[in-house]
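Asker: The structure is given below, and queries will be raised subsequently.
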Amino acid sequence: MNPILNFLQGFIPPTLGAGRRERLYGCIGAGLGLQVTALLSHLFLGQVNPWFIAPMGASAVLLFAVPSSPLAQPWSIIGGNMLSAAIGVSCARYIGDPALAASLAGALAIAAMFQLRCLHPPGGAVAITVVLGGPAIHALGYQFVLWPVAVNSALMLGMALLFNNALRRGYPHRPQPAPNAHHTADPLPSQRRAISQQDLHQALAAHGEVLDISEEDLLAILTAAEEQAQQRRLGGIHCADIMSRDVVSIAPDASLQDAWDKLAHHKIKALPVVNPAQALTGIVSLHDFFLPRDGQAAHLPGSPGWDRGTVADIMTSPVRHVAALQPITALSRAFSDGGLHHMPVVDADGKLCGIITQSDLIAILLKN
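Heads up: the sequence shown begins at 115 in my numbering, then just goes up one per residue.
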(Lines of atoms letter the chains of each structure in order from A; the text may use other names.)
(Lines give C-alpha, C1' and ligand atoms only; values in the text may rest on other atoms or scores of the structure.)
Protein backbone atom coordinates (compact mmCIF):
# COMPACT_ATOMS: atom_id res chain seq x y z
CA MET A 115 0.00 0.00 0.00
CA ASN A 116 1.11 3.53 -0.73
CA PRO A 117 2.73 4.94 2.47
CA ILE A 118 0.83 8.21 2.09
CA LEU A 119 -2.52 6.45 1.74
CA ASN A 120 -1.63 4.23 4.68
CA PHE A 121 -0.89 7.33 6.75
CA LEU A 122 -4.11 9.06 5.71
CA GLN A 123 -6.14 6.00 6.67
CA GLY A 124 -5.13 6.70 10.25
CA PHE A 125 -7.46 9.71 10.18
CA ILE A 126 -10.50 7.57 9.40
CA PRO A 127 -12.44 6.97 12.64
CA PRO A 128 -12.44 3.29 13.61
CA THR A 129 -15.64 1.39 14.24
CA LEU A 130 -16.63 1.36 17.91
CA GLY A 131 -17.60 -2.02 19.26
CA ALA A 132 -20.20 -0.68 21.71
CA GLY A 133 -23.78 -1.75 20.99
CA ARG A 134 -26.81 0.50 21.23
CA ARG A 135 -27.53 -0.46 24.80
CA GLU A 136 -23.99 0.33 25.98
CA ARG A 137 -24.08 3.68 24.18
CA LEU A 138 -27.38 4.50 25.86
CA TYR A 139 -26.02 3.48 29.24
CA GLY A 140 -22.98 5.69 28.70
CA CYS A 141 -25.08 8.74 27.87
CA ILE A 142 -27.57 8.25 30.70
CA GLY A 143 -24.84 7.42 33.22
CA ALA A 144 -22.74 10.45 32.33
CA GLY A 145 -25.76 12.74 32.53
CA LEU A 146 -26.84 11.39 35.91
CA GLY A 147 -23.29 11.33 37.24
CA LEU A 148 -22.60 14.93 36.29
CA GLN A 149 -25.98 16.14 37.53
CA VAL A 150 -25.76 14.48 40.93
CA THR A 151 -22.09 15.39 41.36
CA ALA A 152 -22.83 19.02 40.48
CA LEU A 153 -25.80 19.26 42.86
CA LEU A 154 -23.97 17.65 45.78
CA SER A 155 -20.81 19.63 45.11
CA HIS A 156 -22.81 22.85 45.16
CA LEU A 157 -24.47 21.74 48.39
CA PHE A 158 -21.16 20.98 50.09
CA LEU A 159 -18.92 23.56 48.40
CA GLY A 160 -21.29 26.37 47.44
CA GLN A 161 -19.12 28.85 49.28
CA VAL A 162 -16.03 27.76 47.33
CA ASN A 163 -15.29 29.12 43.89
CA PRO A 164 -15.14 26.97 41.83
CA TRP A 165 -17.29 24.25 43.35
CA PHE A 166 -17.35 22.11 40.19
CA ILE A 167 -14.52 21.75 37.66
CA ALA A 168 -14.80 21.13 33.92
CA PRO A 169 -12.48 18.05 33.78
CA MET A 170 -15.26 16.09 35.51
CA GLY A 171 -16.95 15.96 32.10
CA ALA A 172 -13.98 14.03 30.73
CA SER A 173 -13.98 11.75 33.79
CA ALA A 174 -17.67 11.04 33.17
CA VAL A 175 -16.89 9.80 29.64
CA LEU A 176 -14.47 7.24 31.04
CA LEU A 177 -16.46 6.14 34.09
CA PHE A 178 -19.77 5.68 32.29
CA ALA A 179 -18.98 5.12 28.59
CA VAL A 180 -15.93 2.85 28.99
CA PRO A 181 -16.02 1.65 32.62
CA SER A 182 -13.84 -1.38 31.82
CA SER A 183 -10.94 0.84 30.74
CA PRO A 184 -7.87 0.75 33.01
CA LEU A 185 -8.00 4.56 32.85
CA ALA A 186 -11.48 4.60 34.42
CA GLN A 187 -10.84 2.60 37.60
CA PRO A 188 -11.27 4.11 41.10
CA TRP A 189 -7.59 4.67 41.80
CA SER A 190 -7.20 6.28 38.39
CA ILE A 191 -9.84 8.97 38.96
CA ILE A 192 -9.04 9.69 42.62
CA GLY A 193 -5.27 9.38 42.44
CA GLY A 194 -4.92 10.84 38.95
CA ASN A 195 -7.03 13.93 39.55
CA MET A 196 -5.65 14.74 43.02
CA LEU A 197 -2.04 14.15 42.00
CA SER A 198 -2.46 16.32 38.91
CA ALA A 199 -4.11 19.06 40.96
CA ALA A 200 -1.20 19.11 43.42
CA ILE A 201 1.32 19.34 40.57
CA GLY A 202 -0.71 22.10 38.92
CA VAL A 203 -0.81 24.15 42.13
CA SER A 204 2.96 23.81 42.52
CA CYS A 205 3.64 24.87 38.93
CA ALA A 206 1.25 27.82 39.18
CA ARG A 207 2.89 28.96 42.42
CA TYR A 208 6.55 28.68 41.44
CA ILE A 209 6.60 29.30 37.68
CA GLY A 210 5.72 32.83 36.60
CA ASP A 211 5.10 32.22 32.89
CA PRO A 212 1.55 30.79 32.57
CA ALA A 213 2.29 29.00 29.28
CA LEU A 214 5.40 27.35 30.66
CA ALA A 215 3.63 26.51 33.93
CA ALA A 216 0.66 24.93 32.12
CA SER A 217 2.78 22.83 29.77
CA LEU A 218 5.09 21.69 32.56
CA ALA A 219 2.14 20.89 34.83
CA GLY A 220 0.60 18.67 32.16
CA ALA A 221 3.88 16.87 31.46
CA LEU A 222 4.74 16.31 35.12
CA ALA A 223 1.19 15.16 35.86
CA ILE A 224 1.44 12.48 33.16
CA ALA A 225 4.85 11.37 34.44
CA ALA A 226 3.58 11.13 38.01
CA MET A 227 0.41 9.27 37.01
CA PHE A 228 2.49 6.77 35.05
CA GLN A 229 4.75 6.24 38.03
CA LEU A 230 1.89 5.76 40.52
CA ARG A 231 -0.25 3.70 38.09
CA CYS A 232 -3.18 6.11 38.15
CA LEU A 233 -3.15 7.36 34.55
CA HIS A 234 -6.39 9.30 34.02
CA PRO A 235 -6.59 11.59 30.95
CA PRO A 236 -8.73 14.25 32.70
CA GLY A 237 -5.85 14.63 35.15
CA GLY A 238 -3.95 16.57 32.50
CA ALA A 239 -6.91 18.95 32.21
CA VAL A 240 -7.02 19.30 36.01
CA ALA A 241 -3.35 20.32 36.10
CA ILE A 242 -3.89 22.99 33.42
CA THR A 243 -7.11 24.18 35.06
CA VAL A 244 -5.14 25.07 38.19
CA VAL A 245 -2.60 27.11 36.26
CA LEU A 246 -5.05 28.97 34.01
CA GLY A 247 -8.08 29.01 36.30
CA GLY A 248 -7.64 32.57 37.50
CA PRO A 249 -7.42 34.29 40.89
CA ALA A 250 -10.22 32.30 42.54
CA ILE A 251 -8.42 28.99 42.02
CA HIS A 252 -5.00 30.45 42.80
CA ALA A 253 -6.35 31.76 46.10
CA LEU A 254 -7.30 28.25 47.17
CA GLY A 255 -3.73 27.00 46.82
CA TYR A 256 -3.32 23.37 47.85
CA GLN A 257 -6.85 23.36 49.25
CA PHE A 258 -7.90 23.02 45.61
CA VAL A 259 -6.60 19.42 45.74
CA LEU A 260 -9.18 18.51 48.40
CA TRP A 261 -12.01 20.76 47.33
CA PRO A 262 -13.28 20.81 44.74
CA VAL A 263 -11.02 18.18 43.06
CA ALA A 264 -11.17 15.37 45.64
CA VAL A 265 -14.84 16.05 46.46
CA ASN A 266 -15.88 16.16 42.78
CA SER A 267 -13.88 13.01 41.99
CA ALA A 268 -15.25 11.06 44.97
CA LEU A 269 -18.85 11.99 44.17
CA MET A 270 -18.40 11.06 40.51
CA LEU A 271 -16.82 7.76 41.54
CA GLY A 272 -19.71 7.05 43.90
CA MET A 273 -22.21 7.58 41.11
CA ALA A 274 -20.18 5.32 38.81
CA LEU A 275 -20.18 2.57 41.43
CA LEU A 276 -23.94 2.80 41.94
CA PHE A 277 -24.89 3.16 38.27
CA ASN A 278 -22.58 0.58 36.73
CA ASN A 279 -23.20 -2.10 39.34
CA ALA A 280 -26.97 -1.52 39.20
CA LEU A 281 -26.70 -2.43 35.50
CA ARG A 282 -24.41 -5.39 36.28
CA ARG A 283 -21.48 -3.87 34.42
CA GLY A 284 -19.03 -5.04 37.09
CA TYR A 285 -17.34 -1.85 38.26
CA PRO A 286 -14.53 -1.62 39.35
CA HIS A 287 -13.66 -3.77 36.40
CA ARG A 288 -11.79 -6.94 37.23
CA PRO A 289 -11.47 -10.15 35.23
CA GLN A 290 -13.53 -13.01 36.65
CA PRO A 291 -11.32 -16.11 36.91
CA ALA A 292 -13.10 -19.27 35.85
CA PRO A 293 -13.40 -21.73 38.74
CA ASN A 294 -11.16 -24.78 38.62
CA ALA A 295 -13.33 -27.87 39.11
CA HIS A 296 -10.35 -29.71 40.63
CA HIS A 297 -9.50 -26.91 43.10
CA THR A 298 -5.84 -26.84 42.08
CA ALA A 299 -3.51 -24.01 41.11
CA ASP A 300 -3.14 -25.23 37.53
CA PRO A 301 -4.65 -23.02 34.82
CA LEU A 302 -7.77 -24.35 33.17
CA PRO A 303 -7.20 -26.52 30.08
CA SER A 304 -8.56 -23.81 27.78
CA GLN A 305 -5.97 -21.42 29.20
CA ARG A 306 -3.08 -23.74 28.37
CA ARG A 307 -3.02 -22.39 24.86
CA ALA A 308 -0.41 -21.27 22.37
CA ILE A 309 -0.67 -17.73 23.77
CA SER A 310 0.04 -17.63 27.51
CA GLN A 311 -0.25 -14.72 29.91
CA GLN A 312 3.54 -14.45 29.93
CA ASP A 313 3.68 -14.44 26.11
CA LEU A 314 1.15 -11.62 25.99
CA HIS A 315 2.98 -9.65 28.68
CA GLN A 316 6.25 -9.87 26.78
CA ALA A 317 4.57 -8.94 23.49
CA LEU A 318 2.96 -5.87 25.03
CA ALA A 319 6.26 -4.88 26.65
CA ALA A 320 7.97 -5.14 23.27
CA HIS A 321 5.13 -3.14 21.69
CA GLY A 322 6.01 -0.34 24.06
CA GLU A 323 2.82 1.72 23.72
CA VAL A 324 0.07 2.08 26.29
CA LEU A 325 -3.11 0.29 25.21
CA ASP A 326 -6.44 1.19 26.77
CA ILE A 327 -7.17 -2.41 27.74
CA SER A 328 -5.87 -4.70 30.47
CA GLU A 329 -3.76 -7.75 29.71
CA GLU A 330 -6.47 -9.99 31.18
CA ASP A 331 -9.19 -8.51 28.97
CA LEU A 332 -6.98 -8.71 25.89
CA LEU A 333 -6.23 -12.36 26.63
CA ALA A 334 -9.95 -13.05 27.04
CA ILE A 335 -10.65 -11.44 23.65
CA LEU A 336 -7.93 -13.52 22.01
CA THR A 337 -9.42 -16.65 23.58
CA ALA A 338 -12.87 -15.73 22.25
CA ALA A 339 -11.37 -15.17 18.79
CA GLU A 340 -9.72 -18.60 18.93
CA GLU A 341 -13.06 -20.17 19.84
CA GLN A 342 -14.76 -18.31 17.00
CA ALA A 343 -12.16 -19.66 14.58
CA GLN A 344 -12.74 -23.14 15.99
CA GLN A 345 -16.47 -22.70 15.51
CA ARG A 346 -15.92 -21.76 11.87
CA ARG A 347 -13.64 -24.76 11.31
CA LEU A 348 -15.65 -27.40 13.17
CA GLY A 349 -19.14 -25.91 13.23
CA GLY A 350 -20.28 -28.19 10.41
CA ILE A 351 -19.71 -31.32 12.51
CA HIS A 352 -22.67 -32.16 14.73
CA CYS A 353 -22.85 -34.19 17.92
CA ALA A 354 -24.86 -36.84 16.09
CA ASP A 355 -21.89 -37.37 13.76
CA ILE A 356 -19.52 -38.56 16.50
CA MET A 357 -21.76 -39.92 19.28
CA SER A 358 -22.04 -43.57 20.31
CA ARG A 359 -25.56 -44.72 19.47
CA ASP A 360 -25.72 -48.10 21.19
CA VAL A 361 -25.92 -46.52 24.62
CA VAL A 362 -25.84 -48.57 27.80
CA SER A 363 -28.35 -46.91 30.13
CA ILE A 364 -30.17 -47.71 33.33
CA ALA A 365 -33.45 -46.91 35.05
CA PRO A 366 -33.60 -44.71 38.16
CA ASP A 367 -35.19 -47.49 40.23
CA ALA A 368 -32.51 -50.03 39.31
CA SER A 369 -30.39 -51.37 42.15
CA LEU A 370 -26.89 -50.11 42.88
CA GLN A 371 -25.60 -53.62 42.24
CA ASP A 372 -27.16 -53.61 38.76
CA ALA A 373 -25.50 -50.26 37.95
CA TRP A 374 -22.15 -51.45 39.30
CA ASP A 375 -22.33 -54.66 37.27
CA LYS A 376 -23.14 -52.78 34.05
CA LEU A 377 -20.24 -50.40 34.53
CA ALA A 378 -17.87 -53.29 35.15
CA HIS A 379 -19.17 -55.51 32.31
CA HIS A 380 -19.05 -52.80 29.63
CA LYS A 381 -15.84 -51.23 31.00
CA ILE A 382 -17.38 -47.78 31.03
CA LYS A 383 -17.39 -45.04 33.64
CA ALA A 384 -20.89 -43.58 33.40
CA LEU A 385 -24.47 -44.66 32.72
CA PRO A 386 -27.20 -42.28 31.51
CA VAL A 387 -30.36 -42.71 33.57
CA VAL A 388 -33.64 -42.83 31.62
CA ASN A 389 -37.29 -43.30 32.52
CA PRO A 390 -39.58 -45.84 30.76
CA ALA A 391 -40.17 -43.32 27.96
CA GLN A 392 -36.38 -43.13 27.39
CA ALA A 393 -36.31 -39.49 28.53
CA LEU A 394 -33.00 -38.49 30.13
CA THR A 395 -33.39 -37.99 33.89
CA GLY A 396 -29.82 -38.15 35.17
CA ILE A 397 -26.43 -39.83 34.98
CA VAL A 398 -24.55 -42.11 37.37
CA SER A 399 -20.78 -42.51 37.26
CA LEU A 400 -18.14 -44.41 39.18
CA HIS A 401 -17.44 -41.19 41.05
CA ASP A 402 -20.99 -41.17 42.43
CA PHE A 403 -20.41 -44.48 44.24
CA PHE A 404 -17.48 -43.01 46.16
CA LEU A 405 -19.12 -39.66 46.97
CA PRO A 406 -20.88 -39.37 50.37
CA ARG A 407 -24.33 -37.79 50.09
CA ASP A 408 -26.60 -36.17 52.67
CA GLY A 409 -24.30 -37.10 55.51
CA GLN A 410 -24.31 -40.78 54.55
CA ALA A 411 -21.26 -42.87 53.77
CA ALA A 412 -20.24 -43.69 50.22
CA HIS A 413 -22.34 -46.35 48.46
CA LEU A 414 -19.65 -48.94 47.89
CA PRO A 415 -20.31 -52.65 47.35
CA GLY A 416 -20.92 -54.31 50.69
CA SER A 417 -21.47 -51.03 52.57
CA PRO A 418 -24.52 -50.62 54.85
CA GLY A 419 -27.67 -50.11 52.79
CA TRP A 420 -26.02 -51.31 49.58
CA ASP A 421 -28.68 -53.95 48.95
CA ARG A 422 -31.49 -51.38 49.44
CA GLY A 423 -30.01 -48.49 47.45
CA THR A 424 -31.17 -47.47 43.99
CA VAL A 425 -29.61 -45.49 41.18
CA ALA A 426 -31.89 -42.56 42.02
CA ASP A 427 -30.12 -42.29 45.40
CA ILE A 428 -26.75 -41.41 43.90
CA MET A 429 -27.32 -40.17 40.34
CA THR A 430 -26.61 -36.60 39.25
CA SER A 431 -29.80 -34.81 38.23
CA PRO A 432 -30.46 -32.65 36.33
CA VAL A 433 -27.65 -33.58 33.97
CA ARG A 434 -25.95 -31.48 31.33
CA HIS A 435 -26.64 -32.70 27.82
CA VAL A 436 -26.49 -31.60 24.20
CA ALA A 437 -28.86 -31.91 21.27
CA ALA A 438 -28.00 -34.23 18.44
CA LEU A 439 -27.81 -31.38 15.92
CA GLN A 440 -25.63 -29.09 18.04
CA PRO A 441 -22.10 -28.45 16.70
CA ILE A 442 -19.37 -30.33 18.54
CA THR A 443 -17.85 -26.98 19.56
CA ALA A 444 -20.54 -26.94 22.26
CA LEU A 445 -18.57 -29.70 23.97
CA SER A 446 -15.16 -28.04 24.19
CA ARG A 447 -15.58 -25.98 27.37
CA ALA A 448 -17.65 -28.65 29.13
CA PHE A 449 -15.00 -31.31 28.54
CA SER A 450 -11.98 -29.07 29.18
CA ASP A 451 -12.70 -26.45 31.84
CA GLY A 452 -15.93 -28.08 33.06
CA GLY A 453 -14.18 -31.33 33.94
CA LEU A 454 -16.88 -33.51 32.35
CA HIS A 455 -15.98 -36.82 30.72
CA HIS A 456 -19.35 -37.87 29.28
CA MET A 457 -22.10 -35.92 27.58
CA PRO A 458 -25.50 -37.51 26.91
CA VAL A 459 -27.13 -36.58 23.60
CA VAL A 460 -30.89 -36.17 23.26
CA ASP A 461 -33.14 -35.92 20.22
CA ALA A 462 -35.80 -33.30 19.51
CA ASP A 463 -38.20 -35.07 21.92
CA GLY A 464 -35.72 -35.07 24.79
CA LYS A 465 -35.09 -38.79 24.53
CA LEU A 466 -31.63 -40.26 24.92
CA CYS A 467 -30.17 -41.06 21.51
CA GLY A 468 -26.43 -41.20 22.16
CA ILE A 469 -23.47 -40.33 24.33
CA ILE A 470 -20.18 -38.59 23.61
CA THR A 471 -16.98 -39.04 25.59
CA GLN A 472 -13.77 -37.07 25.64
CA SER A 473 -12.22 -39.83 23.51
CA ASP A 474 -14.84 -39.28 20.79
CA LEU A 475 -14.07 -35.56 20.71
CA ILE A 476 -10.30 -36.05 20.65
CA ALA A 477 -10.61 -38.54 17.79
CA ILE A 478 -12.53 -36.12 15.56
CA LEU A 479 -10.20 -33.24 16.43
CA LEU A 480 -7.19 -35.30 15.38
CA LYS A 481 -8.83 -35.89 12.00
CA ASN A 482 -9.39 -32.19 11.48
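Cβ atoms here follow ideal geometry from the backbone N, Cα and C, with glycine treated the same way.
1. My understanding is that residue 79 touches residue 192, with C-beta atoms under 8 Å, so please give their C-beta distance in whole angstroms.
2. For the alpha helix (DSSP H) containing residue 151, name the first residue and the last one.
3. Name the two residues that bound the continuous alpha helix (DSSP H) containing residue 196.
4. Buried or exposed for residue 471, please, with buried defined as at least 16 other CB atoms from any protein chain shown within 10 angstroms of its CB.
5. Taking residue 129 as part of the beta strand (DSSP E), name the residues at either end of that continuous run.
6. Quick one: measure Cβ to Cβ for residue 436 and residue 353, integer angstroms, because I've assumed they're closer than 8 Å.
7. Could you tell me the distance, in whole angstroms, from the CA atom of residue 406 to the CA atom of residue 413?
8. Count the other CB atoms within 10 Å of the CB of residue 161; is the residue buried (16 or more) or exposed (fewer)?
9. Just how far apart, CA to CA, sit residue 266 and residue 341?
10. Looking at C-alpha atoms only, which residue of 374, 237, 391 and 257 is the closest neighbour of residue 404?
11. CB residue 178 to CB residue 143, shorter than 8 Å?
12. Taking the C-alpha atoms as reference points, what is the distance between residue 344 and residue 151?
13. Measure the Cβ-Cβ separation of residue 277 and residue 466 and say whether it is below 8 Å.
14. Do you know offhand how far residue 396's Cα is from residue 473's?
15. On the criterion of 16 or more Cβ atoms from any shown chain inside 10 Å, does residue 211 qualify as buried, or is it exposed?
16. Which first and last residues belong to the beta strand (DSSP E) in which residue 353 is found?
17. Just to confirm, is the Cβ distance from residue 368 to residue 424 under 8 Å?
18. CB-CB under 8 Å to residue 205, same chain, minus the five flanking residues each way: which ones, in chain order?
19. Mind checking residue 195: buried by the 16 CB within 10 Å criterion, or exposed?
20. Closest to residue 392 by C-alpha separation, out of 377, 286, 285 and 461, would be which residue?
21. Starting from residue 476, follow its DSSP beta bridges and name the residues at the other end.
22. Relative to the C-alpha of residue 481, which residue among 163, 175 and 356 is closest?
23. Assuming residue 165 and residue 262 form a contact by the criterion Cβ under 8 Å, report the distance between their Cβ atoms to the nearest whole angstrom.
24. For residue 365 and residue 427, what's the separation of their Cα atoms in angstroms?
25. Mind checking residue 187: buried by the 16 CB within 10 Å criterion, or exposed?
26. Quick check on DSSP: helix, strand or coil for residue 376?
27. Check this for me: beta carbons of residue 184 and residue 326, under 8 Å apart or not?
28. Give the DSSP bridge partners of residue 430, in chain order.
Answerer: This is what the structure gives:
1. With the chain represented from 115 up to 482, any question about residue 79 goes unanswered, as that position is not in the structure.
2. 134 to 159
3. 188 to 208
4. buried
5. Taken as a continuous stretch (DSSP letters only), residue 129 belongs to no beta strand (DSSP E), as it is neither H nor E.
6. 5 Å
7. 7 Å
8. exposed
9. 43 Å
10. 374
11. yes
12. 47 Å
13. no
14. 21 Å
15. exposed
16. Counting along the chain, residue 353 falls outside any beta strand (DSSP E), though it belongs to the alpha helix (DSSP H) covering 353 to 356.
17. yes
18. 215, 216, 218, 219, 222, 241, 244 and 245
19. buried
20. 461
21. None; residue 476 has no bridge partner.
22. 356
23. 5 Å
24. 12 Å
25. buried
26. helix
27. yes
28. 397
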